[in-house]
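Undergrad: One structure is given below, represented as structure tokens, and several questions about it will come after.
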Amino acid sequence: MEAIIRPFTWFYHEFGLDHIHATGRNAYLVILSRSMRMLAHGAVSLFLALYFAELKITDQYIGLFMTLTLLGDVILGIYLTLIADRFGRRNVLLLGSTMMMATGIIFAVFENYWILLIAAVIGVVSATGGDFGPFRSIEESIIYELTETSTRADVLAWYVTFSTVGSSLGNESSGRIIHYLEGLNNWSLLDAYRAVFWIYAGIGAFNAFLAFCLTKDCEMKKGGGAAYELVHSEQDEENEIESNGSPLQESRDGLQDEPLEEPKAKSWHSRFTGQLSQVSASTFKATWKLMFLLAVDSISDGMAAYPLTNYYMDQKFHPRKSTLGDIMSVAYFLGAISSVFAGPLARRVGLINAMVWSHAPSSASILFFPMPNNLPMTVVLLFTRAGLNNMDQAPRGALIAALTPPEERTAVLGIMGTLRMFAAMPGPWITGNLASIDLFGLAFSIGGSCRLAYDLSLYVLFRGTKL
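Just so we're aligned, residue 1 is where the sequence shown starts under UniProt numbering, counting upward by one.
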């Protein structure tokens, strides 16, 4: 029996499952919430562009829809991220899940392009198949709050892994559901698409329940920022104390006995801009290059988004919807498997090497994606892209956590997310216009080139960074 259990025990400790258990119930809830959300996004991303094509919308307007949806994600994401620590992270996640439910209902009921566009801009729907918007930044802030340096990379790795499994199941189930419903009497393809949007709304309601179950441990600790400032200004404090002739221990005892003073109330404008100003000069100096590089990487997210990838394969090879769902499901599942190895790989080769070594082959596969003239070779490139695409996420999250103090992480993640969304925003519109002049494949070549530039620059600029 011991020989049978030993491999499972090794896996449990080696791949960080014990760290999730040690983090507690909130970690399970956050991971489950994102997994369900990505299941919903995966289900919709399979056919989102095809849905508008079925409504006889032109390629330019399909691209415009996705671009403006990303614009809505930018506005919603930056606002909710900036107020999250003050308004409450759990409250923001609850609000976002409710908006997700409402968006699914509108898409299930209406067909008018402009109504759907308004719902997508002010609501929650993924135009790229990814997790743009405020959710991820807030959830990662919660994980940073709940974990320690030694456990963070592993918890983030499983956070990414289970979410990728959710995307895989979403694509697989969506393709199967659409194929089944389309074959029923009196069911059109549009009716099948609308049924999936009702499922999307139901997942939004379930995630609202999960947000309600989170505990107050997910919120930023009061006084945490001040304590961090105290630690990092210790040398200045010692110098000042020595010049005044006051004992250091007395000062520290006084700080321990008296509660830290709460910041004074600010106007709405001061609160909005104050979140941005929370990023100190030293943190900005450490992260601005990474912010810029992530924006370059996001150009590809917009131009070669998974809904557009599905649309491209549908237009070029005309597979069945269930076959398309199977392909995307396997692609996401490969990404889930590889994500499991992100934590162990980062521990052995370092955060930067783990990010670049896994991401560069994925980038190259996007560059060459339009070249094959048959479906099997195209699928191989898609599997390479998706299979390695997520391995850099957990090391990247650990890198950001190592470069930023606790009280600045939500703001830094919000700024990074906003820059990435701005960079990705023009991509679908550009791809739609290229598709309209029979240059659809060129969008993937441009996107892959941007990602390779990101990989090379990341390695050159950050390989010697001391964390």
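Think of the CB as a built atom: it goes at the ideal place given N, C-alpha and C, for glycine as much as any other residue. Because the structure is a prediction, the values reported are computed rather than measured.
1. On the premise that Gly325 lies in contact with Leu50, defined as a C-beta separation below 8 Å, what is that separation, rounded to the nearest angstrom?
2. So what's Lys285 in DSSP terms, helix, strand or just coil?
3. With 16 as the cutoff for other CB atoms within 10 Å, does residue 521 come out buried or exposed?
4. Here's the rule: buried if 16 or more other CB atoms are within 10 angstroms of the residue's CB, otherwise exposed. What is Ala364?
5. If we ignore side chains and look at the alpha-carbon of each, how far apart do Pro426 and Ala435 end up?
6. When the Cα atoms are used, what is the spatial distance from Pro344 to Glu145?
7. Can you tell me where the alpha helix (DSSP H) holding Ser163 begins and where it ends?
8. Give me the Cα-Cα distance between Gly72 and Glu2, rounded to the nearest whole angstrom.
9. Of all the options Phe107, Thr58, Asp438, Ser137, which has the alpha carbon lying nearest to the alpha carbon of Gly123?
10. From Asp455 to Val356, what does the alpha carbon distance come to, in whole angstroms?
11. Please report the distance separating the alpha-carbon of Met313 from that of Val296.
12. Measure the C-alpha to C-alpha separation of Tyr311 and Leu388 and round it to an integer number of angstroms.
13. Taking Ala394 as the reference, give the member of Thr404, Ala153, Thr149, Leu382 with the closest Cα.
14. Relative to the C-alpha of Asn171, which residue among Leu452, Trp429, Lys321, Met421 is closest?
15. Using 8 Å for Cβ pairs, my map puts Gly432 next to Ile62. What's the rounded Cβ distance?
16. Using alpha carbons as the reference points, say which of Met101, Phe52, Glu148, Ser137 lies closest to Ala22.
17. Go ahead and pull the three-state DSSP assignment for Gly464.
18. For Phe292 and Met421, I'd like the C-alpha separation in whole angstroms.
19. If you drop the 5 nearest sequence neighbours on each side, which residues of the same chain put their C-beta closer than 7 Å to that of residue 503?
20. Given Tyr459, which residues of its chain have a CB within under 6 Å of its CB, disregarding the five upstream and five downstream residues?
21. Taking the beta carbon of Pro376 as the centre, do at least 16 other beta carbons fall within 10 Å, making it buried, or is it exposed?
22. Going by the CB atoms, is the gap between Thr98 and Ala120 shorter than 8 Å?
23. Start and end of the alpha helix (DSSP H) containing Lys316?
24. What separation, rounded to the nearest whole angstrom, lies between the Cα atoms of Val109 and Asp131?
25. Could you tell me the distance, in whole angstroms, from the CA atom of Val74 to the CA atom of Val155?
26. Using the Cβ count rule (16 or more neighbours within 10 Å means buried), how would you classify Cys213?
27. Can you tell me whether Thr69 is buried or exposed, with buried defined as 16 or more other CB within 10 angstroms of its CB?
28. For the candidate residues Pro428, Trp288, Ser150, whose alpha-carbon lies nearest to that of Thr404?
29. On a Cα-Cα basis, can you pick out the residue from Gly16, Ile138, Ser358, Thr283 that is closest to Arg385?
30. I'd like the list of long-range same chain contacts for Ala40, defined as Cβ closer than 6 Å, with 5 residues on each side in sequence excluded.
31. What separation, rounded to the nearest whole angstrom, lies between the Cα atoms of Arg409 and Ser362?
32. At the level of alpha carbons, what is the spacing between Met391 and Asn185?
33. Rounded to whole angstroms, what is the Cα-Cα separation between Thr182 and Ala195?
34. Check the C-beta distance from Gly417 over to Thr81 and give it rounded, since I have them as a contact under 8 Å.
35. Starting from Cys213, follow the alpha helix (DSSP H) in both directions and report where the run begins and ends.
36. Between the Cα of Val412 and those of Val380, Ala211, Met371, Ala286, spot the shortest distance and give me the residue it belongs to.
TA: Considering the structure as presented:
1. Actually they do not touch by this definition, with Cβ atoms about 11 Å apart.
2. helix
3. Since the first residue shown for the chain is 1 and the last is 467, residue 521 is missing from the structure and cannot be characterised.
4. buried
5. 14 Å
6. 22 Å
7. 149-182
8. 55 Å
9. Phe107
10. 6 Å
11. 25 Å
12. 22 Å
13. Ala153
14. Lys321
15. 5 Å
16. Glu148
17. coil
18. 12 Å
19. Past the boundaries of the shown model lies residue 503; the chain is included only from 1 to 467, so the question cannot be answered.
20. Val356
21. exposed
22. no
23. 306-317
24. 24 Å
25. 27 Å
26. exposed
27. buried
28. Trp288
29. Ser358
30. Tyr200, Ile203
31. 28 Å
32. 44 Å
33. Per the sequence shown, the amino acid found at residue 182 is Glu instead of Thr. Whole-angstrom Cα-Cα distance: 11 Å.
34. 7 Å
35. 189-213
36. Ala286
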